[in-house]
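Participant: Could you have a look at this structure, given as structure tokens, before my questions?
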Amino acid sequence: MLAGAWSTLVTVPAALTGRSRHPKEATSPVSDRSHAQSAADDQPWSGHEPGSRAYRRILLGLFCAGVATFAQLYSFQAILPEVSHALGTDEASTALTVSAVTLGIAISVIPWSSFADHIGRVPAMVCSISAASVLALSAIAFDSIGPIVVFRLLEGCALGGVPAIAIAYLNEEVSRRAAAKASAIYVAGTSIGGLSGRIISGPVTELTGSWKLGVLAVVLVCVTAAIVFVSVIPRSRGFVPLRRRPTNLLPDARVFVQVRRHLRNPRTLVLFLNGFLLMGSFVAVYNYLGFRLTQPPYDLPQTIVSLLFLAYLVGTLSSSMAGSFVGRWGRHHVLAASTAMMLAGALITLFSSIWAILAGLLLFTAGFFAAHAIASGWVGAIALQGRAQAGSLYNLFYYAGSSLLGWFAGLALRWMWWPGVALVAAAALGIALIVSYRVLGRDATRNDGPSATAATPASDD
-18 MLAGAWSTLV TVPAALTGRS RHPKEATSPV SDRSHAQSAA DDQPWSGHEP GSRAYRRILL
42 GLFCAGVATF AQLYSFQAIL PEVSHALGTD EASTALTVSA VTLGIAISVI PWSSFADHIG
102 RVPAMVCSIS AASVLALSAI AFDSIGPIVV FRLLEGCALG GVPAIAIAYL NEEVSRRAAA
162 KASAIYVAGT SIGGLSGRII SGPVTELTGS WKLGVLAVVL VCVTAAIVFV SVIPRSRGFV
222 PLRRRPTNLL PDARVFVQVR RHLRNPRTLV LFLNGFLLMG SFVAVYNYLG FRLTQPPYDL
282 PQTIVSLLFL AYLVGTLSSS MAGSFVGRWG RHHVLAASTA MMLAGALITL FSSIWAILAG
342 LLLFTAGFFA AHAIASGWVG AIALQGRAQA GSLYNLFYYA GSSLLGWFAG LALRWMWWPG
402 VALVAAAALG IALIVSYRVL GRDATRNDGP SATAATPASD D
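Here is the structure:
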């Protein structure tokens, strides 16, 4: 995202934060201090074009940033049964190791974006990835669930810098016609990262008998990806940081005006709710599938269970395909169809056959990535003002859903075993379908502008 949704776009933050150099963003009033910028600021910056060396470096750098962020995020998910056994904790408590890190991301995206406005996009992302790696190593130093959850929360706060900034940086640094494709590369990096975090930690844990070594292996991969990111990512040319010290990282009153505007807009509010429900159901299924498959009647080894997370790869394909479908059928219909795919996939996992479970997981995962790509991009299209705040709100709802529904589904697992998890996911997705149809379906043919493609490989309605 995922993919992820500051993602959705700090393309016009000039009036609220730092100064962007894209020509279409120059209509916002600029304070007197902007005149102190270099003469280059007066020249429109159209972004790096495909084929250029800087463009290729941006794609590689953001791909590695996606890997480094989301591999750490999900390093515990595939080994939750092993962690539960080693620490003597129940399923819901153990799942807090995932919920805590996503909660940290949710609460940190706005401070990170403000920090980036002061020191620049690239330095902020470097700080984010570096701090997260240190905290990830600290988390595995403990043998009780409490300190681990605390450090995972702090790790999430550090990781929040990448989804809060990455696509804002991308939108400002590449040409508009290339933004959708470039964004798809970043989303692919997030899905590959999420996949690697799962399929590395599981086999290493089973091979060594230590969940800590499984997580450590993921951290080493993340550190490698982070080094590549720092080495190749170009400096910002499409954004000028504010020329004052970042003594106050909290947003000013004008930011809260934009936040209130988006929360009072039914269309953006419904898309925020979609992020909450889609991500919440997605994490619920992936959190607890391992508990089901490592126990009778399946009794699958940890390595085999981890390989089932290869279903995550279909997200790389479906998020890219969503754009072409939007050009033909429109955002609303593709979002509804993708959510319906998730719902059908969740229900199919109720069957006892391992092949049915795998088929349901594939359908569920493909639907999630397509729906998330459309919803996050649509937010940026609707929010013609304050896109930065709209993107951060989507991110906040998105990761809050992961934290809350991901934890609550653990209680449902204790009460009803797997049917409880599937029903929690199905109920969330049913609500998303109904609310989206009632609000977004009224103006499904509305043209929300070209900027939406910057956050997702989707063209206009």
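All residue numbers for the sequence shown refer to our numbering, where the first residue is -18 and numbers rise by one.
The C-beta atom is built at its ideal place from N, Cα and C for all residues, glycine as well.
Just so we're clear, the structure is a prediction, and the values are computed from it rather than from any experiment.
(1) Quick check: the Cα distance between residue 452 and residue 389, rounded to an integer number of angstroms?
(2) Looking at the secondary structure, which residues open and close the alpha helix (DSSP H) in which residue 59 lies?
(3) What residue ranges within the region 235 to 281 form continuous alpha helix (DSSP H) runs of no fewer than 4 residues, ordered along the chain?
(4) Straight-line CA distance for residue 116 to residue 315?
(5) Are residue 215 and residue 102 touching if we call contact CB-CB under 8 Å?
(6) Would you mind sorting residue 279 into buried or exposed? The rule is 16 or more other CB atoms within 10 Å of its CB.
(7) How far does the alpha helix (DSSP H) with residue 121 in it extend, from its first residue to its last?
(8) Please report how far the alpha carbon of residue 196 lies from the alpha carbon of residue 70, in whole angstroms.
(9) Around the C-beta of residue 520, are 16 or more other C-beta atoms found within 10 angstroms, so that it is buried, or is it exposed?
(10) The alpha helix (DSSP H) spanning residue 98 covers which residue range?
(11) Applying the 10 Å Cβ sphere with the 16-neighbour rule, what's the burial state of residue 422?
(12) Nearest to residue 383 by alpha carbon, out of 128, 133, 168, 263?
(13) So what's residue 422 in DSSP terms, helix, strand or just coil?
(14) With a threshold of 16 other CB atoms inside 10 Å of the CB of residue 238, please say whether the residue is buried or exposed.
(15) Should residue 396 go down as buried or exposed, given a rule of 16 or more other Cβ atoms within 10 Å for buried?
(16) Return the chain-ordered list of same chain residues with a C-beta closer than 7 Å to the C-beta of residue 492, the five sequence neighbours on each side being excluded.
(17) Is the CB of residue 264 under 8 Å away from at least one CB in chain B?
(18) List the DSSP bridge partners of residue 155.
(19) Taking the alpha helix (DSSP H) that residue 133 falls in, what are its first and last residues?
(20) With DSSP as the reference, label residue 330 as helix, strand or coil.
(21) Measure the beta-carbon distance from residue 174 to residue 48 and round it to whole angstroms, keeping in mind my assumption that it falls under 8 Å.
(22) Taking the alpha carbon of residue 402 as the reference point, which residue from 244, 106, 272 has its own alpha carbon closest?
(23) Go ahead and pull the three-state DSSP assignment for residue 215.
(24) Would you please state the rounded distance, in angstroms, between the beta carbons of residue 374 and residue 266? I believe it to be under 8 Å.
(25) Judging by CA-CA distance, which residue of 393, 146, 36 is the nearest neighbour of residue 163?
(26) Rounded C-beta distance between residue 82 and residue 54? I'm assuming under 8 Å.
(27) Along the chain, where does the alpha helix (DSSP H) that runs through residue 44 open and close?
(28) Assuming residue 354 is part of the alpha helix (DSSP H), what are its boundary residues?
(29) DSSP three-state label for residue 191, please.
(30) Apart from the five residues on each side of it in sequence, which residues of its chain come closer than 6 Å, Cβ to Cβ, to residue 169?
(31) Ignore the nearest five residues each way along the sequence and tell me which others in residue 337's own chain have a CB closer than 8 Å to its CB.
(32) Helix, strand or coil for residue 401, going by three-state DSSP, please let me know.
(33) Looking at the secondary structure, which residues open and close the alpha helix (DSSP H) in which residue 306 lies?
(34) Check whether the Cβ atoms of residue 445 and residue 76 lie closer than 8 Å to each other.
(35) Once DSSP output is grouped into helix, strand and coil, what is the label at residue 69?
(36) So which of 111, 110, 64 has the shortest CA-CA distance to residue 130?
Facilitator: According to the structure shown:
(1) Missing from the structure shown is residue 452; the chain here goes from -18 to 442 and no further.
(2) Note, residue 59: premise wrong, no alpha helix (DSSP H); not H, not E.
(3) 247 to 274
(4) 39 Å
(5) no
(6) exposed
(7) Per DSSP, residue 121 belongs to no alpha helix (DSSP H) and is neither H nor E.
(8) 18 Å
(9) Beyond the ends of the chain as shown, which are -18 and 442, falls residue 520; an answer cannot be given.
(10) 72 to 100
(11) The residue in question, residue 422, is exposed, as its Cβ has fewer than 16 Cβ neighbours within 10 Å.
(12) 263
(13) helix
(14) exposed
(15) Residue 396 is exposed by the Cβ-count criterion.
(16) The question about residue 492 has no answer here: the residues shown for the chain are numbered -18 through 442.
(17) Chain labels in this structure do not include chain B; a single protein chain is all it has.
(18) 29
(19) 126 to 140
(20) coil
(21) At roughly 4 Å, the Cβ-Cβ gap stays under 8 Å, so residue 174 and residue 48 are in contact.
(22) 272
(23) Residue state, collapsed to three classes: coil.
(24) Contact between residue 374 and residue 266 fails: their C-beta atoms lie close to 25 Å from each other, not under 8 Å.
(25) 36
(26) 6 Å
(27) 34 to 54
(28) 335 to 363
(29) The three-state reading of DSSP puts residue 191 in coil, since its state is none of H, G, I, E or B.
(30) 297
(31) 329, 330
(32) helix
(33) Unbroken alpha helix (DSSP H) run through residue 306: 294 to 310.
(34) Nothing can be reported for residue 445, as the shown portion of the chain is limited to -18 through 442.
(35) Residue 69 sits in coil when the DSSP states are folded into three classes, being neither helix nor strand.
(36) 64
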